[in-house]
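Heads up, the thing below is written out as structure tokens.
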Amino acid sequence: MSGMIENMALKLAIKIKNLEPNQTASVEVMKFSIEALLNNLITLVLVLVLAICTDSVFLALMGLIAFSVLRFFSGGYHFKNSITCSIVSTIIIFVSTQIELSHNYFVLLSVISLIIVLIYAPANIANHARIDSKYFPLLKIVATIIVLSSVIIVSSTVTLAVFFQSLTLLIPNKEVGI
Numbered sequence: 004m005s006g007m008i009e010n011m012a013l014k015l016a017i018k019i020k021n022l023e024p025n026q027t028a029s030v031e032v033m034k035f036s037i038e039a040l041l042n043n044l045i046t047l048v049l050v051l052v053l054a055i056c057t058d059s060v061f062l063a064l065m066g067l068i069a070f071s072v073l074r075f076f077s078g079g080y081h082f083k084n085s086i087t088c089s090i091v092s093t094i095i096i097f098v099s100t101q102i103e104l105s106h107n108y109f110v111l112l113s114v115i116s117l118i119i120v121l122i123y124a125p126a127n128i129a130n131h132a133r134i135d136s137k138y139f140p141l142l143k144i145v146a147t148i149i150v151l152s153s154v155i156i157v158s159s160t161v162t163l164a165v166f167f168q169s170l171t172l173l174i175p176n177k178e179v180g181i
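Following the working numbering, the numbering of the sequence shown begins with 4 at its first residue and continues without gaps.
Here it is, written out as structure tokens:
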């Protein structure tokens, strides 16, 4: 399926380039952006379908936002295959909506998330984003604020989404065949 998304992204990028050859980025840059957009769309659709089936749309959207925003600022592990990323992200968000944490676990996971983000964020950003390393301390500060904000929200879904995302900071970004 990943090859299908790559092909679709390439065809769209070529069509866009042909429409406005002088006003657009290179085909390769557009292909990369379109692939990212399609993969995010796949994740969103999968999450929403599962959420509708389990009557947890609001929780799923909260979890998806918490996970995605923290990931944007903290970085994290990248799968070699973007479809694997979409599936794993969907599972993380879905699981986050299905577990109700006790107060003790809520506090424990929040503290663990905060420690991980303080030590490891941003992680694996250098080869996956065009952000100058001079901004990395700012990314760490924003990621820390996001984790602290999740404590204020007092939501098991948000806490779990933040926790799972923080765990992705612990995995070195070697190209793994999955």
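Glycine included, C-beta positions come from ideal geometry on N, C-alpha and C.
Name, in chain order, the residues that DSSP records as bridge partners for residue i.
{"i": "residue 1", "result": "What is shown of the chain runs 4 to 181, which leaves residue 1 out entirely."}
{"i": "residue 164", "result": "In the DSSP output, where bridge partners are listed per residue, residue 164 has none listed."}
{"i": "residue 39", "result": "Paired residue(s): none; residue 39 is not in a bridge."}
{"i": "residue 126", "result": "78"}
Give the straight-line distance between the Cα atoms of residue i and residue j, rounded to the nearest whole angstrom.
{"i": "residue 180", "j": "residue 82", "result": "The predicted position of residue 180 is uncertain, since its pLDDT is 42 and thus under 50; a value taken from the coordinates is nonetheless stated next. Each residue's Cα considered, the two are about 8 Å apart."}
{"i": "residue 98", "j": "residue 25", "result": "46 Å"}
{"i": "residue 109", "j": "residue 36", "result": "36 Å"}
{"i": "residue 72", "j": "residue 89", "result": "16 Å"}
{"i": "residue 106", "j": "residue 31", "result": "48 Å"}
{"i": "residue 153", "j": "residue 57", "result": "23 Å"}
{"i": "residue 158", "j": "residue 69", "result": "11 Å"}
{"i": "residue 28", "j": "residue 102", "result": "44 Å"}
{"i": "residue 116", "j": "residue 40", "result": "27 Å"}
{"i": "residue 44", "j": "residue 67", "result": "12 Å"}
{"i": "residue 13", "j": "residue 164", "result": "32 Å"}
{"i": "residue 34", "j": "residue 19", "result": "10 Å"}
{"i": "residue 175", "j": "residue 84", "result": "16 Å"}
{"i": "residue 100", "j": "residue 91", "result": "14 Å"}
{"i": "residue 17", "j": "residue 42", "result": "19 Å"}
{"i": "residue 119", "j": "residue 49", "result": "28 Å"}
{"i": "residue 128", "j": "residue 86", "result": "19 Å"}
{"i": "residue 160", "j": "residue 133", "result": "30 Å"}
{"i": "residue 15", "j": "residue 23", "result": "12 Å"}
Can you say whether residue i is buried or exposed, counting buried as having 16 or more other CB atoms within 10 angstroms of its CB?
{"i": "residue 38", "result": "buried"}
{"i": "residue 162", "result": "buried"}
{"i": "residue 121", "result": "exposed"}
{"i": "residue 169", "result": "buried"}
{"i": "residue 136", "result": "exposed"}
{"i": "residue 178", "result": "The predicted position of residue 178 is uncertain, since its pLDDT is 48 and thus under 50; a value taken from the coordinates is nonetheless stated next. Counting Cβ neighbours within 10 Å, residue 178 comes out exposed, since fewer than 16 surround it."}
Please name the residue, chosen from the options, that lies closest to residue i on a Cα-to-Cα basis.
{"i": "residue 104", "options": "71, 55, 137, 166", "result": "166"}
{"i": "residue 172", "options": "126, 156, 135", "result": "126"}
{"i": "residue 151", "options": "111, 92, 96", "result": "111"}
{"i": "residue 93", "options": "46, 69, 122", "result": "46"}
{"i": "residue 123", "options": "139, 62, 17", "result": "139"}
{"i": "residue 62", "options": "175, 14, 95", "result": "95"}
{"i": "residue 113", "options": "148, 14, 13", "result": "148"}
{"i": "residue 156", "options": "65, 48, 21, 49", "result": "65"}
Please decide whether residue i counts as near chain C, where near means a Cβ-Cβ distance under 7 Å.
{"i": "residue 164", "result": "Protein chains in the displayed structure number just one, and chain C is not present."}
With a threshold of 8 Å, are at least 3 pairs of Cβ atoms found where one atom belongs to the segment 135-149 and the other to the segment 67-84?
yes
Are there three or more Cβ pairs, one per stretch, closer than 8 Å when the segment 4-14 is compared with the segment 53-62?
no
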